[in-house]
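Counting the sequence shown from 1 gives a position; my numbering is that position plus 1151. Where a beta carbon is used, it is the ideal one built from N, C-alpha and C, also for glycine. Heads up: the structure comes next, in structure tokens.
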Amino acid sequence: MPRAVYQLLSGAHYRTSPLDLRRMMDAPGQHFLQATANNRVAGALWLVEEGGLSVELSQAVWCGFRRPRGNLVAQSLAAHGSDPLAATLVGRRVSRIAVHPARQREGIGQQLIACACVQAAQCDYLSVSFGYTPELWRFWQRCGFVLVRMGNHREASSGCYTAMALLPLSDAGKRLAQQEHRRLRRDADILTQWNGEAIPLAALDEQALNDEDWRELVGFAFAHRPLLTSLGCLHRLLQYSALPLPALRGRLEEKASDAELCARLRISGRKALLALQRAQAAQALIALDAGRTQLLRDVMPGGGDHAG
1152 MPRAVYQLLS GAHYRTSPLD LRRMMDAPGQ HFLQATANNR VAGALWLVEE GGLSVELSQA
1212 VWCGFRRPRG NLVAQSLAAH GSDPLAATLV GRRVSRIAVH PARQREGIGQ QLIACACVQA
1272 AQCDYLSVSF GYTPELWRFW QRCGFVLVRM GNHREASSGC YTAMALLPLS DAGKRLAQQE
1332 HRRLRRDADI LTQWNGEAIP LAALDEQALN DEDWRELVGF AFAHRPLLTS LGCLHRLLQY
1392 SALPLPALRG RLEEKASDAE LCARLRISGR KALLALQRAQ AAQALIALDA GRTQLLRDVM
1452 PGGGDHAG
């Protein structure tokens, strides 16, 4: 790699030491593009191959049973999204993009992304994970990316919520991007209330439990999907259920802390609280439709035997 490209990429990212950056760049599955002007490097793009997991591993990631190393966005699409097969798709993640300060606002970044799309034509999507700011998101939007996820916690380093976006390149990539974007729109009002920060898209007012909700709810109740990953569908479940469900309602509707709930419900520790929340979600699902709940348990990897 030309020294000027390395210097541009390393200078653009404050959290990575030059030595760590060098090691990452030398790993397999890395792709680099550069833009030049007047025989000088004007911009650089670094992408990392992700996805292509087996059906079994992708399903296990979705259930919360497995968390293999690497595959930052591909894993997140499965672990936090609605599609158990999301991580089987093949993508390239934008790890770094940088444009020389003297050449910014000339469209060089967008041109680099366009070139990356051509080179990754055999992939399902390009992806990016970034600390959300309106200005950054405007750049990724101009490049053609679709917002598919907003995190639940601010990054300690930047103080921003993590956003993930996809630029689909295949029919499968388009279906995944549309599905996850729609899911984010359905959950937008709930996530905005939870995070205290508006999500930059038009919310969908769809409160009915759909097939994806049912699958995710069974994944929470009978597998190991996290509570915060399931915020939207759990809120919709609580609207439909007439049961008291104090561990769930206390956390999601009253926003009581785990410590408050443990004291109120006289249980010991977060692990026991989460087990109770899963059990109450299972109780609500069975009360709504026991047959559908059992059917979804039966097709879950492991048969849904990992509850609690």
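Here's a check: name, in chain order, each residue in its chain whose Cβ is nearer than 6 angstroms to the Cβ of residue i, leaving out the five neighbours to either side.
| i | result |
| --- | --- |
| V1156 | Q1185, V1192 and A1195 |
| V1250 | G1194, I1259 and G1260 |
| Q1329 | none |
| S1309 | G1282 |
With residue i and residue j assumed to form a contact (beta carbons below 8 angstroms), what rounded beta-carbon distance in angstroms separates them?
| i | j | result |
| --- | --- | --- |
| A1264 | C1294 | Rather than Ala, the amino acid found at residue 1264 in this sequence is Ile. The pair is a contact, with the Cβ atoms about 4 angstroms apart (cut-off 8 angstroms). |
| L1385 | A1432 | 7 angstroms |
| G1215 | T1239 | Their Cβ separation, rounded to whole angstroms, is 17 angstroms, which puts G1215 and T1239 out of contact at 8 angstroms. |
| S1280 | L1223 | 6 angstroms |
Keeping to the same chain, check which residues put their C-beta closer than 8 angstroms to that of residue i; ignore five residues upstream and five downstream.
| i | result |
| --- | --- |
| R1218 | V1212, Q1226 and A1230 |
| R1421 | D1409 and C1413 |
| H1457 | Its pLDDT being 48, under 50, H1457 is placed unreliably by the model, and nothing is read from it. |
| R1400 | L1389 |
| G1459 | Confidence at G1459 is low in this model, with a pLDDT of 40, below 50, so its placement is unreliable and no value can be given for it. |
Beta-carbon within less than 7 angstroms of residue i's beta-carbon, same chain only, minus the 5 sequence neighbours each way: which residues are those?
| i | result |
| --- | --- |
| S1246 | W1197, L1198 and V1199 |
| W1345 | N1303 and L1382 |
| P1169 | S1161 |
| W1291 | V1279 and A1316 |
| A1398 | L1412, L1416, L1424, L1427, Q1428 and Q1431 |
| W1365 | R1443 and L1447 |
| G1180 | V1199 and E1200 |
| A1272 | L1320 |
| V1206 | L1236 and T1239 |
Are the Cβ atoms of residue i and residue j separated by less than 8 angstroms?
| i | j | result |
| --- | --- | --- |
| S1233 | E1357 | no |
| E1331 | L1208 | no |
| V1299 | M1315 | yes |
| R1333 | L1360 | no |
| C1311 | G1347 | no |
| L1378 | Q1428 | yes |
| E1508 | R1244 | This structure does not reach residue 1508, given that the chain is present from 1152 up to 1459, and the question cannot be answered. |
| A1237 | L1159 | no |
| L1389 | E1404 | yes |
| L1352 | L1335 | yes |
| L1424 | Y1391 | no |
| P1462 | Q1210 | With the chain covering only 1152 through 1459, there is no way to say anything about residue 1462. |
| A1188 | R1254 | yes |
| M1301 | I1248 | no |
For residue i, would you say it is in contact with chain B, using Cβ-to-Cβ distances shorter than 8 angstroms as the test?
| i | result |
| --- | --- |
| E1348 | Among the protein chains of the structure shown there is no chain B, as only one such chain exists. |
Contained beta strand (DSSP E) runs [length at least 3] in the segment 1245-1315, N- to C-terminal order: 1276-1282 and 1297-1305
Three-pair Cβ contact test at 8 angstroms for the segment 1250-1267 versus the segment 1301-1312: no
Mind the definition here: the segment 1364-1383 touches the segment 1439-1449 only if three or more C-beta pairs lie below 8 angstroms; say whether that holds. yes
I want to know whether the segment 1272-1280 touches the segment 1307-1322 - three or more CB-CB distances under 8 angstroms. yes
Taking 8 angstroms as the threshold, find out whether the segment 1413-1427 comes into contact with the segment 1338-1356 through three or more Cβ pairs. no
Where in the segment 1364-1415 do unbroken runs of the alpha helix (DSSP H), each at least 4 residues long, occur, reported from the N-terminal end onward? 1382-1391 and 1397-1403
At what residue ranges does the segment 1155-1220 contain a whole run of the alpha helix (DSSP H), taking only runs of 4 or more? 1169-1176 and 1206-1214
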